[in-house]
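Reviewing the structure listed below.
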Amino acid sequence: MADNVKIGIITSSDRASSGVYEDISGPAIKSYFSERISNETEWEYRLIPDDYDQLVATMRELSDLKCAIICTTGGTGPAKRDVTPEATEEVCEKILPGFGEAMRKVSLQYVPTAILSRQTAGILKNSLIINLPGKPKAIAECLDGVIDAIPFCIDLIEGPRLEFRERFGKAFRPGEKSKK
Amino acid sequence: MADNVKIGIITSSDRASSGVYEDISGPAIKSYFSERISNETEWEYRLIPDDYDQLVATMRELSDLKCAIICTTGGTGPAKRDVTPEATEEVCEKILPGFGEAMRKVSLQYVPTAILSRQTAGILKNSLIINLPGKPKAIAECLDGVIDAIPFCIDLIEGPRLEFRERFGKAFRPGEKSKK
Amino acid sequence: MADNVKIGIITSSDRASSGVYEDISGPAIKSYFSERISNETEWEYRLIPDDYDQLVATMRELSDLKCAIICTTGGTGPAKRDVTPEATEEVCEKILPGFGEAMRKVSLQYVPTAILSRQTAGILKNSLIINLPGKPKAIAECLDGVIDAIPFCIDLIEGPRLEFRERFGKAFRPGEKSKK
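Residue numbers (my numbering), protein chains in the order written: chain A, 429 to 608; chain B, 429 to 608; chain C, 429 to 608.
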């Protein structure tokens, strides 16, 4: 039987957190993983402003709460208030540059400004932190570009064993037979 | 009417700066942007040796002079005197790894040694700094790989609104209709 | 006549170094270069645990022994004991991000988990240090993705002039005629 898994979602947005508009990015991340992952899932959701200290504190909190995956949305561009990658680098013990490369590569198929994204990913204790873009469409595109590497990554950091729903094929693990 | 824009060019070369040969890289950057950008443009041009301190000081000077774009040429390889990326990382508040990735990807279509380039880009106040290679042909190839992301990047760092000349199509901005 | 060259190989593996199994990764690196490089070659081989301090000390030792190329194998993943990229960044004066990008790109053709590799490369004095994966098949794939940039890189850091065996074509050097 598959392990339970806890997934953390951090929406970083000055406007959404102050009620100017509703956060649609956080829910987009939740529906992406709900549709894909067959494990029983618990969610931790935080809506905060684009603030470095709150980002740092919230990533640490969700890691302490044993989230295997922590996805941020927003704050990865070149503007002054964009500080999500900096906060991610601050808290992570290891940075995984392949995630940023892969996500920019996917996004470049849709918009030339994907070059401007500074999104990255890294490991904090037993959590994989992934920076996602702000727009729901771009969130799904980026996750499609990296999702097949996530279950084995979580194995390597001693998290729960993730499984995909039948229609997505077996989660890839090197050395295990695929039945996709 | 389009804003005026100021573009800075820093040629970093021991030999060109000491008069051993003429700098052709700086002028190649100028003609690339002149041909592409339709805004009224002012230029700041500096020819300096491959020297870390002078690179740092010159990037800061051109940013203080309100250059929206600052292009360097030279000094991005693995040799001892190649220190342009280090100087760029020193002055920039944010590094944009997508630029280096995109430029290496383009150059790899021409030479396998493109892997050796450490070129990067970043934000210093209201300036986008981009490291370009030394050879005019490679300069144009690299700029072709990133030019479509530049106008929106300059918007995000609160610089002037850049426009392309008619034949290059409308400068891309997410959410704006393209008429290319 | 071609220069002699010294190549260093560092296998970083807790289990191989404690005798649990035999190291097959180090020998795979040796046969790759033996087959490709026509220079007279001397080898320095070290088998050590996944230990940061020993990695740092061993890379420095092999650089002091004038190895033009130092390849590591193992320790580039997201797990706690994976510290090879950290040790590489500690000793290197310059990091060459194009190597990691190119190697991940090649490996992604074979396994989606290539995204998880944090492998990098850099320059320590007159040595090019390259992090390779642990599996012999992946070692050859990654080296295929970067080998054509290595001879010119070694020229730039004032190492010996590397040549390829006839059947691989002339080693690429910008500005030199190819006779491939």
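We put the beta carbon where it would ideally sit given N, CA and C, even for glycine.
### Query
Got a sec: is the Cβ-Cβ distance from Val448 of chain C to anything in chain A below 8 angstroms?
no
### Message
Tell me the DSSP secondary structure of Phe592 of chain B in three-state form.
### Response
strand
#### Entry: 6 angstroms CB neighbourhood of Arg509 of chain A in its chain, flanking five on each side removed
Asp478
### Task
Spell out whether any CB of chain A is found under 8 angstroms from the CB atom of Ala549 of chain C.
no
#### Entry: Buried/exposed call for Gln547 of chain C, threshold 16 Cβ in 10 Å
buried
### Query
Which same chain residues, not among the five before or five after Ile457 of chain A, have their C-beta less than 7 angstroms away from its C-beta?
Ile437, Cys499, Thr501, Leu560 and Ile567
### Query
Which first and last residues belong to the beta strand (DSSP E) in which Gly550 of chain A is found?
Ala549 to Leu552
### Query
Assuming Ile476 of chain C and Pro564 of chain C make a contact with CB atoms under 8 angstroms, what is their CB distance in whole Å?
The Cβ separation is near 18 angstroms, so there is no contact.
### Message
If I measure Cβ to Cβ from Phe461 of chain C and keep anything under 6 angstroms in the same chain, skipping five residues before and after, which residues do I get?
### Response
Ile435
#### Entry: Local conformation of Thr512 of chain A per DSSP, three classes
helix
### Task
Use the C-beta contact count for Arg532 of chain A: other C-beta atoms within 10 angstroms, 16 or more gives buried, fewer gives exposed.
buried
### Query
In the structure shown, what three-state DSSP assignment does Arg488 of chain A receive?
helix
### Minimum Cβ-Cβ distance from Gly545 of chain A to chain B less than 8 angstroms
It should be noted that the sequence gives Ser, not Gly, for residue 545 of chain A. Chain B, which has a Cβ nearer than 8 angstroms to the Cβ of Ser545 of chain A, makes this yes.
### Task
Inspect the beta-carbon positions of Val519 of chain B and Leu552 of chain B and report whether they are closer than 8 angstroms.
yes
### Query
Can a CB atom of chain A be found closer than 8 angstroms to the CB of Ala530 of chain C?
no
### Message
Measuring straight from C-alpha to C-alpha, what distance separates Ala549 of chain C and Leu536 of chain C?
### Response
18 angstroms
### Query
In whole angstroms, what is the alpha-carbon distance linking Ile578 of chain B and Ala515 of chain C?
36 angstroms
### Query
Between the stretch 462-492 of chain C and chain B, which residues of the former have CB atoms less than 9 angstroms from a CB of the latter, in chain order?
none
### Message
Check whether chain F comes within 8 angstroms of Ile585 of chain A, counting only Cβ atoms and requiring the distance to be less than that.
### Response
The chain inventory of the structure shown lacks chain F, comprising the protein chains A, B and C.
### Message
So, for Gly587 of chain A: in the same chain, excluding its five sequence neighbours on each side, which residues have a beta-carbon less than 6 angstroms away from its beta-carbon?
### Response
Ala496 and Asn554
### Task
Check each residue of the stretch 506-520 of chain C: if its Cβ is closer than 7 angstroms to any Cβ of chain A, include it; give the result in chain order.
Pro506 and Ala507
### Task
Note the first and the last residue of the continuous beta strand (DSSP E) segment covering Gly436 of chain A.
Val433 to Ser440
### Task
Consider the Cβ of Ala542 of chain C: report whether some Cβ of chain A lies at a distance smaller than 8 angstroms.
yes
### Residue from A:Val484, A:Pro455, A:Leu483 and A:Gln482 with nearest C-alpha to Trp609 of chain A
For chain A, the structure presents residues 429 to 608; residue 609 of chain A sits outside this window and is missing.
### Message
In whole angstroms, give me the CA-to-CA distance for Ile543 of chain C and Val539 of chain B.
### Response
24 angstroms
### Query
Since Leu475 of chain B is in the beta strand (DSSP E), which residue starts that stretch and which ends it?
Thr469 to Ile476
### Task
Within 10 angstroms of the Cβ of Glu529 of chain A, are there 16 or more other Cβ atoms? Answer buried if so, exposed if not.
buried
### Message
Cutting at 7 angstroms between CB atoms, please list the residues of its own chain near Tyr473 of chain A, excluding the five before and the five after it.
### Response
Ile437 and Gly454
#### Entry: Any C-beta of chain A under 8 angstroms from that of Val574 of chain C
no
### Length of the line joining the Cα atoms of Thr636 of chain A and Lys598 of chain A
Missing from the structure shown is residue 636 of chain A; chain A here goes from 429 to 608 and no further.
### Task
Could you tell me the distance, in whole angstroms, from the CA atom of Cys581 of chain B to the CA atom of Arg589 of chain B?
10 angstroms
### Task
Report the option in A:Asp583, A:Gly573 and A:Ser445 whose CA atom is closest to the CA atom of Leu483 of chain A.
A:Ser445
### Query
Going along chain C in order, which residues have a C-beta closer than 8 angstroms to the C-beta of Pro602 of chain A?
Val539 and Thr541
#### Entry: Inter-residue spacing [alpha-carbon to alpha-carbon] between Lys607 of chain A and Glu604 of chain C
Interpretation of Lys607 of chain A is limited by its pLDDT of 48, a score under 50 that renders its predicted location unreliable; the figure taken from the coordinates is listed afterwards. Approximately 49 angstroms, taken between the alpha carbons.
### Task
Would you identify the three-state DSSP class for Lys608 of chain C, choosing helix, strand or coil?
Residue placement at Lys608 of chain C is flagged as unreliable, the pLDDT there being 43, under the threshold of 50; the coordinate-derived value follows with that caveat. Three-state DSSP puts Lys608 of chain C in coil, outside helix and strand.
### Message
Check for me: the alpha helix (DSSP H) holding Ser462 of chain B runs from which residue to which?
### Response
Ser453 to Arg464
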